[in-house]
Amino acid sequence: MRRSPAVAGQFYHGTASKLAQQVGQYINNKVVKEYAIGILSPHAGLIYSGSVAGEVYSRIEMPKTFVLLGPNHTGLGAKVSMMESGEWEIPTGIFSIDEKLSHKIAANTPLVSKDTQAHTFEHSLEVQLPFIAYFSSASGGPKIVPIAIMAASLEECRLLGEGIAKSIKEAGYAAVIVASSDMSHYVPDDVARQKDKKAIEMIKSLNPEGLYEVVSRERISMCGYLPATVMLFAAKALGAIEARLIKYSTSGEVSGDYDHVVGYAGMIVK
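For what it's worth, my numbering labels the leading residue of the sequence shown as 1361, then goes sequentially.
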């Protein structure tokens, strides 16, 4: 099965030439590439969050596979839905699903359901692909394992993260775990920055329990906090020792509306 793009022409330009040009304006070619275990990257329309995502993807070495973790905005499919086989298409490339790794994840984590419905219209993972495609070689770039998370307890996040880490170890090759998330939604700019800093500090301290709890306690409208929590559990199991903020911005910097902003954070875990 090949998944067709759901938000081409909406969240990003719908033709290959225009999309390559659009992504190119957000790429930083002056930075040194580094090995990453996980990243946090936003998933809004590229005009709003592309500069943050571009800074992150500009800095990381391309792995064999990206494990893509995103929130389920549509409510379709299972609680934790993985598309285990097939391809994903965007205007600038076609990505194959890494079946070796997806099968290991399914075997190691009973919480995961093999499901395509959750991914049909979901944008949170698709919006990562133009950046990955930009750095992919003409002969074929990284594979992907797409996982959408609708609901999970803290313990389920731990089991999922550690199951992903175990599967990556068993596969025997490098994978980057992408947590796709925007930060605070539709609050004043100063409120977004204040609240988002609390979540960012938990990620910087490699504290998945703290992230899960502070988002709930402070009512931070971070849509991908579950993917981020899972990514942190997985990264720690894979030996991560540091996380740092690469860039933070809000939609107000583009729209000029600072009364109702969405926050975007780009982070690298290694």
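C-beta atoms are modelled at their ideal positions from N, C-alpha and C, and glycine is treated no differently.
Practice prompt. Could you say which of PHE1426, ILE1450, ILE1399, ASN1388 lies nearest to TYR1372 if we only look at CA atoms?
Written response: Taking the sequence shown and counting its residues from 1, the one referred to as residue 1372 is at position 12. The shortest Cα separation from TYR1372 among PHE1426, ILE1450, ILE1399, ASN1388 belongs to ILE1450.
Worksheet item: Do the region 1538-1546 and the region 1483-1497 meet, that is, are 3 or more Cβ pairs less than 8 Å apart?
Response: yes
Practice prompt. Decide if THR1452 is buried, meaning its Cβ has at least 16 other Cβ atoms within 10 Å, or exposed.
Written response: The residue labelled residue 1452 in the question sits at position 92 within the sequence shown. Buried: at least 16 other Cβ atoms inside 10 Å.
Practice prompt. Only counting runs of 3 or more residues, tell me where the beta strand (DSSP E) segments fall wholly within the region 1453-1527, in order along the chain.
Written response: 1453-1456, 1503-1509
Discussion item. Taking 8 Å as the threshold (C-beta atoms), are PHE1455 and ILE1504 in contact?
Written reply: Position 144 of the sequence shown, counted from the first residue, corresponds to residue 1504. Position 95 of the sequence shown, counted from the first residue, corresponds to residue 1455. In this structure, PHE1455 lies closer than 8 Å to ILE1504 by Cβ.
Worksheet item: With which residues is VAL1629 paired in a DSSP beta bridge?
Response: Residue numbering aside, residue 1629 sits at position 269 when the sequence shown is read from its first letter. In DSSP, VAL1629 forms a bridge with GLY1398, ALA1603.
Worksheet entry | Cβ neighbour criterion (16 or more within 10 Å) applied to ASP1617 | Here residue 1617 refers to the residue found at position 257 of the sequence shown. It is exposed - the Cβ of ASP1617 has fewer than 16 other Cβ atoms within 10 Å.
Practice prompt. Go ahead and label SER1513 buried or exposed: buried means 16 or more other beta carbons lie within 10 angstroms of its beta carbon, across all protein chains shown.
Written response: Locating residue 1513 in the sequence shown gives position 153, where the first residue counts as 1. Classification for SER1513: exposed.
Item to complete: Sort out for me which residues DSSP pairs ASP1431 with in a bridge.
Response: Locating residue 1431 in the sequence shown gives position 71, where the first residue counts as 1. Looking at the sequence provided, one finds Pro at residue 1431 rather than Asp. The partner list for PRO1431 (beta bridge, DSSP) reads ILE1509.
Fill in: Endpoints, beta strand (DSSP E) assigned at GLU1449
Within the sequence shown, numbered from 1, the residue matching residue 1449 stands at position 89. Segment 1447-1450, the beta strand (DSSP E) holding GLU1449.
Fill in: Runs of beta strand (DSSP E) wholly within the region 1518-1576 (minimum 3 residues, chain order)
1535-1540, 1545-1547
Fill in: Touching by the beta-carbon criterion (3+ pairs, under 8 Å), the region 1400-1419 and the region 1604-1616
yes
Discussion item. Are the CB atoms of ALA1525 and LEU1598 within a distance shorter than 8 Å?
Written reply: Position 238 of the sequence shown, counted from the start, is the residue given in the question as residue 1598. Position 165 of the sequence shown, counted from the start, is the residue given in the question as residue 1525. A contact, by the Cβ cut-off of 8 Å.
Practice prompt. State the start and end residues of the unbroken beta strand (DSSP E) segment that holds VAL1440.
Written response: Locating residue 1440 in the sequence shown gives position 80, where the first residue counts as 1. Its beta strand (DSSP E) spans residues 1440-1442.
Worksheet item: Quick one: is ASP1550 buried, meaning 16 or more other Cβ sit within 10 Å of its Cβ, or exposed?
Response: Taking the sequence shown and counting its residues from 1, one reaches residue 1550 at position 190. So ASP1550 counts as exposed.
Worksheet item: Around the C-beta of PHE1426, are 16 or more other C-beta atoms found within 10 angstroms, so that it is buried, or is it exposed?
Response: Here residue 1426 refers to the residue found at position 66 of the sequence shown. Classification of PHE1426: buried, given that the 10 Å Cβ count is 16 or more.
Fill in: Nonlocal neighbours in the same chain, by C-beta distance under 8 Å from ALA1366, ignoring five residues either side
The residue given as residue 1366 occupies position 6 in the sequence shown. Closer than 8 Å at the Cβ level, and outside the excluded window around ALA1366, lie THR1480, PHE1481, GLU1482, HIS1483, GLU1486.
Discussion item. Applying the 10 Å Cβ sphere with the 16-neighbour rule, what's the burial state of ILE1560?
Written reply: Here residue 1560 refers to the residue found at position 200 of the sequence shown. Buried: at least 16 other Cβ atoms inside 10 Å.
Practice prompt. Locate the alpha helix (DSSP H) running through PRO1631, then write down its first and last residues.
Written response: Nothing in the structure corresponds to residue 1631, since the chain is present only between 1361 and 1630.
Fill in: PRO1431 vs LEU1571 beta-carbon contact at 8 Å
Start at 1 with the first residue of the sequence shown, and residue 1431 comes out as number 71. Start at 1 with the first residue of the sequence shown, and residue 1571 comes out as number 211. Their beta carbons are not under 8 Å apart, which means PRO1431 does not touch LEU1571 by this criterion.
Worksheet entry | Span of the alpha helix (DSSP H), counted from its first residue to its last, around TYR1408 | Within the sequence shown, the letter at position 48 stands for residue 1408. Residues 1406-1419.
Worksheet item: In three-state DSSP terms, what is ALA1380?
Response: Reading the sequence shown from its first residue, position 20 is the one you call residue 1380. In the structure shown, ALA1380 sits in a helix (DSSP, three-state: H, G or I).
Discussion item. With a threshold of 6 Å on Cβ separation, who are the neighbours of ILE1528 within its own chain once the five nearest residues in sequence on each side are excluded?
Written reply: Mapped onto the sequence shown, residue 1528 falls at position 168. ALA1535.
Fill in: Residue(s) in a DSSP beta bridge with GLY1658
As shown, the chain starts at 1361 and ends at 1630. That puts residue 1658 outside it, with no answer to give.
Worksheet item: So LEU1419 and LYS1393 are in contact, right, with Cβ under 8 Å, and what is the actual spacing, rounded?
Response: Within the sequence shown, numbered from 1, the residue matching residue 1419 stands at position 59. Within the sequence shown, numbered from 1, the residue matching residue 1393 stands at position 33. Per the sequence presented here, residue 1419 reads as Arg, with Leu not at that position. 7 Å between Cβ atoms; contact.
Worksheet item: From LYS1390 to GLU1444, what does the alpha carbon distance come to, in whole angstroms?
Response: Here the question's residue 1390 lines up with position 30 in the sequence shown. Here the question's residue 1444 lines up with position 84 in the sequence shown. Near 36 Å, if we compare the C-alpha coordinates of GLU1444 and LYS1390.
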